[in-house]
Every structure is written in structure tokens, then in C-alpha cells.
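Below is one structure, written out as C-alpha cells; the observations come after it.
Numbering (the working numbering), first residue to last: 1463 to 1791.
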């Protein structure tokens, strides 16, 4: 009956309006599942992050651009934004299946690149792809980003790269502090992160804003979002980072959300053959991708790029570092 259909539609909407993967220390498990299913890699390639679309490409029609090439272009643009020059040691924090780590390893063949993740399946797949591609100056390790200084020596990496990993961090301050600790003096820290806009007395979040943010957090295992300005304040709060700058890259990345839906429309068969559970998960992903698009398009969310440079070592720090090198020689 019409009433039954309406009730069913209401129930379906209520189901899809509730987040299904609230953060509960489950990020590694979720990425293990995504990696083992293979759907995300099929459509997104080796890079599990948004792409970059120039003004001219958007004017011509963003969907005409190769979806995966847009991700490589994003890495190139983020690298320019970082202001790094010729890093010798690179840490990729939240490396996924290692696409960016391998790309940077190829771009800087004399550098040592380390990619970290808390997903065992991602470490395994990233290592497999590096071996298949013959990339020998990269390694992947199972490391908690909030415990970097327990694994790596302080003042080690010339470039610390964090692309779309901050969203999942339950302690953003510690996330920034740990990356800063392992960053070498005069090294570059660069973060790309989905950020909420600033909540101010002049422009407070509405009830609908709060509801939208809650859904976006609870659907993809995000504990909470912060603003790009807050990331800048956290960098400054370490007392060790200078030349801090931030930008909103919403315009060049916005097309990624709907483009990712479109590549599934034109090539549905990997999902079709997976069966009902994947069908359900995929429809949820489509709903979330569209809601992400709307949140970024409305200004509720911003695509934050934040960079900073670690201050030069003091004379005493330099002496201590030289002594350490001498002791290990």
C-alpha cells in the first residue's frame, strides 16, 4: 500500500541518517575491511585521498579528468605547498596502501621513505605494491601516529607528511606534537585534513550543522573535526614550529566527492558481483559522499592545508645531536 511504502521510505531514510561506524578505536579494523574488500582500491587506485582539479579543468567539466590522475596531481600540489626542497628522510603519517609513500620515494630516489598506518592489511598491501613496482627506498610499518616518538628518534625526518589522517585522530594536539617531535630541525610538516569551519559567536553552528557534523563523524569513524585555524594554533602551541600557514582547498578538491560516485556509475560491476552486503555498504558510501559534497560546498566543512617549519636547532641541541651520531658510528 501507499502507506506501507511511505513507512518503508521513512525507515530507510532514518537508517541512512544514522552513522554506522562511530569512532570506537576501530579505525584500523575499518581500513582492514576496506583494503580486503578491494572496492576502494579498484575505484580510487593507490591513493585514498581526494584529487586536485584546476580551474580550467573544472570549467571544462571535472568528470572529464582521469579520477586517479587527479590524486597524483593533488600530491604534486601538496608537495609544492609544503615548501620542502630535497628531503632525505620522509615520514608519511597515515599512509593507506602506500600510494603517496611510493610516489614520493620515486620522486626522491635518494631519500628514505617510511609509511605508517594502524591497519595490518594496509601494511601488507602497501609492501606488496612496493615490491611489485620495484620501489626499494620505502618501507611500511604498523605504528600508532599518537606514539611516533616511541618508535622513531626525535629530530629525524626532513619532511613529515600527513594527508587525510588527522580526521581519525582522537587527540589532535598529541597528533601534532608527536609529528613535531620526530621532525628534524628546519624540517617541514604538512597536513591535509577535512576540517570543520570555525565555530564563532558571530557564526555559531546551527542545530542542523551539529547534526550534519555528527553524521559525518559517525559514518566514517571520525572522533571529531577541528578547524584549519585550530591546527595552526596546535602547531604554534608546540613552541617548535614557525612559518605556519594554512589554506582552504575546497574549490580544487570539491569535485572529488561526486566524481567518486560517477566512476562507480560507469563501472558498477565490481560492486554488483560482490553481493548484497557490499551493495548495502556501497549505497551508504554514496549517501555519505554526497553529504560530504554538500557539507564542503556549503562551507560547513573546509579542506584544510596547513604547513610549518621546525625551528633550527640551538647550539646545545646541535652538540647533543653530533654526540649521538658519533656514539652510534
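Beta carbons: idealized from backbone N, C-alpha and C, even for Gly. Just so you know, these numbers come straight off a predicted model, no measurement behind them.
Check, Outcome
"Counting beta carbon pairs with one atom in the stretch 1493–1512 and one in the stretch 1693–1705, are three or more of them shorter than 8 Å?", "no"
"For the candidate residues 1557, 1714, 1632, whose alpha-carbon lies nearest to that of residue 1758?", "1714"
"Whether or not the stretch 1647–1662 and the stretch 1754–1771 are in contact is what I'm after, with contact meaning three or more pairs of Cβ atoms, one per stretch, closer than 8 Å; do they touch?", "yes"
"How about residue 1575 and residue 1606: do their beta carbons lie closer than 9 Å?", "no"
"Look up residue 1660 in the DSSP assignment and say whether it is helix, strand or coil.", "coil"
"I want to check one thing, is the minimum distance from the CB of residue 1661 to the heavy atoms of the ligand GDP below 8 Å?", "In the structure on display, the ligand GDP does not appear, and there are no ligands present to speak of."
"Of the residues 1654, 1491, 1724, 1641, which one's Cα is nearest the Cα of residue 1618?", "1641"
"For residue 1708, write down the residues that DSSP places opposite it in a beta bridge.", "1768"
"Rounding to the nearest angstrom, what Cα-Cα distance links residue 1724 and residue 1587 in this structure?", "26 Å"
"If you measure between the beta carbons of residue 1709 and residue 1536, is that distance less than 9 Å?", "no"
"Would you please verify whether the beta carbon of residue 1734 is less than 9 Å from any beta carbon of chain C?", "Given the protein chain composition of this structure (a single chain), no chain C is represented."
"Going by C-alpha distance, which of 1769, 1584, 1681, 1568 is nearest residue 1600?", "1568"
"From the DSSP output, read off the bridge partner residues of residue 1577.", "1554, 1602"
"For residue 1716, does the three-state DSSP call read helix, strand or coil?", "coil"
"What residues in its chain sit with their C-beta under 6 Å from that of residue 1530, if we drop five residues either side in the sequence?", "1507"
"Go to residue 1620, then tell me how far its beta strand (DSSP E) extends in each direction, as first and last residue.", "1619–1625"
"Within 8 Å, do at least three Cβ pairs link the stretch 1555–1567 to the stretch 1507–1523?", "yes"
"Let me confirm a value: residue 1650 is counted as buried when at least 16 other C-beta atoms fall within 10 Å, else exposed. Which label applies?", "buried"
"Buried or exposed: where does residue 1620 fall if 16 or more other Cβ atoms within 10 Å of its Cβ makes it buried?", "buried"
"Roughly how many angstroms separate the alpha carbons of residue 1774 and residue 1768, rounded to a whole number?", "19 Å"
"In angstroms, rounded to a whole number, what distance separates the CA positions of residue 1608 and residue 1628?", "10 Å"
"Determine which residues share a DSSP beta bridge with residue 1650 and list them.", "1621, 1771"
"Relative to the C-alpha of residue 1539, which candidate in 1513, 1631, 1552, 1604 has its C-alpha closest?", "1513"
"Using alpha carbons as the reference points, say which of 1673, 1646, 1770 lies closest to residue 1707.", "1770"
"So, does the stretch 1576–1596 touch the stretch 1482–1497, judging by three or more C-beta pairs under 8 Å?", "yes"
"What's the gap between the Cα of residue 1740 and the Cα of residue 1733?", "7 Å"
"Mind checking residue 1674: buried by the 16 CB within 10 Å criterion, or exposed?", "buried"
"Report the rounded CA-to-CA distance for residue 1753 versus residue 1717, giving the unit in angstroms.", "13 Å"
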